[in-house]
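Below is one structure; the comments refer to it alone.
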């Protein structure tokens, strides 16, 4: 099972922050399943390693919602 999750992380086109969130999500889901006796007692997400290669678009690269002029108008009208 760990190799399956690791393969998903290695192939995902996500930033390291998103991968950390994904790993944390899997860890919490697995923890819940163990507490409710839905799986074996080995926490596979704990064994996952984050890929060293950065992938995906960082938030700063995304398009901004407002232009500089629109932001100035908003600030001037507060």
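In the numbering used here, the protein residues as written are 1014 to 1091.
Where is the CB? At the ideal position from N, CA and C, for every residue including glycine.
Computed from a predicted structure; not experimentally measured.
Buried or exposed (CB count within 10 angstroms, at least 16 for buried), residue i
i            : result
residue 1061 : buried
residue 1032 : buried
Cβ-Cβ distance between residue i and residue j below 8 Å
i            : j            : result
residue 1047 : residue 1035 : no
residue 1063 : residue 1029 : yes
Nearest-angstrom beta carbon gap, residue j and residue i [assumed within contact, 8 Å]
i            : j            : result
residue 1052 : residue 1039 : Residue 1052 to residue 1039, Cβ: 12 Å. No contact.
residue 1058 : residue 1091 : With a Cβ gap of about 45 Å, residue 1058 and residue 1091 do not count as contacting.
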